[in-house]
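Note sheet for the following structure.
Number of protein chains: 2
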Amino acid sequence: MKLTFLGTSSGAPSRYRNVSALALQLPQQAGAWLFDCGEGTQHQIMRSALRVSQFDRIFISHMHGDHVFGLPGLLASRSLQAGMSTPLTLFGPPGLQEYIRRTMELTQTRPGYPMEVITVAPGLVWEDDRTQVFCTPVAHRIPAFAYAVVERDHAGHFNVEAAAALGIAPGPIYGRLKKGETVTLEDGRIIDGRTLTGPIRRGRRVVYAGDTTFTRNTVEIARGADVLIHEATYLEEDRALADRASHSTSLMAADAAKQAGVRTLILTHFSTRYEGEGGSRLAELLAEAQSIFPNTMLARDLWSYDVPVFGDEGVRG
Amino acid sequence: MKLTFLGTSSGAPSRYRNVSALALQLPQQAGAWLFDCGEGTQHQIMRSALRVSQFDRIFISHMHGDHVFGLPGLLASRSLQAGMSTPLTLFGPPGLQEYIRRTMELTQTRPGYPMEVITVAPGLVWEDDRTQVFCTPVAHRIPAFAYAVVERDHAGHFNVEAAAALGIAPGPIYGRLKKGETVTLEDGRIIDGRTLTGPIRRGRRVVYAGDTTFTRNTVEIARGADVLIHEATYLEEDRALADRASHSTSLMAADAAKQAGVRTLILTHFSTRYEGEGGSRLAELLAEAQSIFPNTMLARDLWSYDVPVFGDEGVRG
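Just so you know, the sequences run in chain order W and G.
Read the first sequence against this note's numbering and you will find it ends at 308, with the numbers running on by one and no gaps.
Read the second sequence against this note's numbering and you will find it ends at 308, with the numbers running on by one and no gaps.
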């Protein structure tokens, strides 16, 4: 699972950061998913190693402009790619469907690919045999959702050499043993599949909390997550601004990460006020979060982060 | 009158050019006008010497996405500027008003300044004591307009020294003489104001033809213009594509400039197909236009062009 931050500014673009968008690539899949799509997201994709044509699922956290104004242009440009016919599915809060429909109608934009807009409700949003997506309401000024992308647990590694050493010939029986079943061989021996497979490999869990103040729902959906991506619009000294706009300070984000027991917290959606002509104050914002949740990082535009597999960190350095 | 090209690509942004937008600054005015507003226009403004807060009038040629998808974000960001309360007026075809209203509603964007959307009809669109704006329908797949910005003619320079030498004391009488009136002095002398003022200075005329194929209406509105900004999406060899999409080839644009007798033609809105990995073919596109209208230039992103005052070119070099 690879994250690429395409926009990390709140409200408006700055000289350093674009408005919200986050790409996710799943292992062994050519497609890519997008979480939120502020204006200029297609431009950011052009500057990254990704391609607009790759995206086949888009998840919208909420309907504020800095999270959706890039959608119509992205949908139109995707249609201009030669031979583009891959279906696109959008998931989001009430209003998304009408926003897309009206905008496309009024600008006579007709995507040359099948497109579906799904209004999400708390719970399971989408799944296939490898991945599930859940959402939960968070606390913002308008309906807003956090999304969890959860890899299903993988069967452990099947020890082919050990099976061969036991004189078990390859065939459908390998599949049963791999699943951990107990199998009786033709010669009467009873083999417990679990003795031939390594431990189950836990799937990863990545949670993207769109705009929100601190809320129990975020803690619940992020419980035990590998990565929590949480907005941190403000420094704690601007707590009043955060409260007024239902945004988070970095301390609030860190508190959510700590209570959820996540492994890594990535902060994003920074107010433009902290990167003015006087230099950046984001180091302070990071330090504030790290004071209660040390494993915190700051997102920056076009930064990619490979989510480590549990237990692999040593290997990957 | 100063033009700044903010986007010169057709359809979709490329690595080299953003989608359509053009800024116009009038002499001795702090505000700025915008013609069309493709996605990422506010980002382009950030890269220029202009500011989002400066724009107080926006003219939209037609409702295709590559000309309007940057509007909602620009309107929202303008609202985030500290203390921004300058009114904004938008002019455009039917559909613009609903596009703005729906988008703002669905994303709960509430500009902190007065905003008005005016649906234009052929003829005079707007005027004050110095400038007039006219529009005319052009020929595209959906309703589309060309805009002409016309400076009113200025009174000639009033020769203060000559008036003083005649013994005329400064006062309201100067104003009357400046207007070319004939005035009777207290001592009985009759003075013809026209003898004290230089020739009338002709105002400039700048025409922006949004997406269009060749049309008589463009020729009419651009007649005698100082600058015609005309789309040239295609090379003549791709005439079939131009015809199919109601766009222009560079020859069609040059033909309009020639028939209208404009002084300068600036081409824009180039298909991304001509700036691929094999290098740019825009020199061919320019040469094609220059073969029938020599004084042609190619627009590029962030290029500014000062429209010369008639007769001043020698002075300005």
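Note that the Cβ used here is the ideal one computed from N, Cα and C, for glycine as well.
- Secondary structure remark: continuous alpha helix (DSSP H) runs of at least 4 residues inside the region 81 to 154 of chain G, in chain order: 87 to 97.
- At least one CB of chain W lies nearer than 8 Å to the CB of residue 67/G.
- Take the alpha-carbon of residue 15/G and the one of residue 120/G: they are about 18 Å apart.
- Here residue 51/G carries a coil assignment [DSSP, helix/strand/coil].
- Relative to the Cα of residue 205/W, the nearest Cα in the group 20/W, 244/W, 51/W, 150/W belongs to 244/W.
- For residue 165/G, the enclosing alpha helix (DSSP H) covers residues 163 to 169.
- In the pairwise beta carbon analysis, the region 52 to 71 of chain G is classified as touching the region 56 to 64 of chain W: at least three pairs are separated by under 8 Å.
- Non-local beta-carbon contacts of residue 145/W in its own chain, meaning distances under 6 Å to residues more than five positions away in sequence, involve 192 in chain order.
- Interface flag for residue 94/W against chain G is set, since a Cβ pair is found closer than 8 Å.
- For residue 27/W, there is no enclosing alpha helix (DSSP H); the residue is part of the beta strand (DSSP E) that begins and ends at 23 to 28.
- With 16 or more other CB atoms across the displayed protein chains lying within 10 angstroms of its CB, residue 52/W is buried.
- Within a 10 Å sphere around the beta-carbon of residue 151/G sit fewer than 16 other beta-carbons, which makes this residue exposed.
- Of the residues 251/W, 248/W, 225/W, 249/W, the one whose Cα lies closest to the Cα of residue 239/W is 225/W.
- DSSP assignment within the region 179 to 228 of chain W yields the following whole alpha helix (DSSP H) runs of 4 residues or more, N-terminal first: 207 to 212.
- Close partners of residue 60/W in chain G (Cβ separation under 7 Å): 63, 64.
- If you draw a straight line from the Cα of residue 97/W to the Cα of residue 92/G, it is about 12 Å long.
- Take the alpha-carbon of residue 281/W and the one of residue 228/W: they are about 16 Å apart.
- Judged by pairs of C-beta atoms under 8 Å, the region 109 to 128 of chain G does not touch the region 69 to 88 of chain W, as fewer than three such pairs exist.
- At the C-beta level, residue 200/W and residue 129/W come within 8 Å of one another.
- Listed along the chain, the chain G residues whose CB falls inside 8 Å of the CB of residue 33/W are 3, 4, 30.
- Where residue 295/W is concerned, the enclosing beta strand (DSSP E) starts and stops at 295 to 297.
- When Cβ pairs closer than 8 Å are counted between the two stretches, the region 15 to 33 of chain W is seen to touch the region 28 to 35 of chain G, the count reaching three or more.
- In this structure, residue -3/W keeps its C-beta atom at 8 Å or more from the C-beta atom of residue 297/W.
- Within the region 216 to 291 of chain W, the complete alpha helix (DSSP H) runs of at least 4 residues fall at 230 to 236, 241 to 251, 273 to 281.
- Residue state for residue 77/W is assigned as coil, using DSSP reduced to three classes.
- The Cβ atoms of residue 233/G and residue 258/G do not sit closer than 8 Å to each other.
- Each of 140/G, 171/G, 143/G, 142/G was checked against the Cα of residue 154/G, and the nearest Cα belongs to 171/G.
- With respect to the 8 Å criterion, residue 140/G and residue 197/G are classified as neighbours on the basis of their beta carbons.
- With contacts defined by Cβ atoms closer than 8 Å, residue 169/G and residue 158/G do not form a contacting pair.
- Residue 213/W sits close to residue 247/W, with the two beta carbons spaced by under 8 Å.
- In terms of Cβ geometry, residue 40/G and residue 25/G do not form a close pair [threshold 8 Å].
- In the structure shown, the three-state DSSP call for residue 300/W is coil.
- About 7 Å separates the beta carbons of residue 261/G and residue 276/G, which is inside the 8 Å limit, making them a contact pair.
- If you check each beta-carbon in the region 73 to 107 of chain G against every beta-carbon of chain W, the ones closer than 8 Å belong to 86, 89, 90, 93, 94, 97, 98, 99, 100.
- Separation of residue 106/G and residue 17/G (C-alpha to C-alpha, rounded to the nearest whole angstrom) is 21 Å.
- Contact check for residue 188/W against residue 162/W fails: the beta carbons are separated by 8 Å or more.
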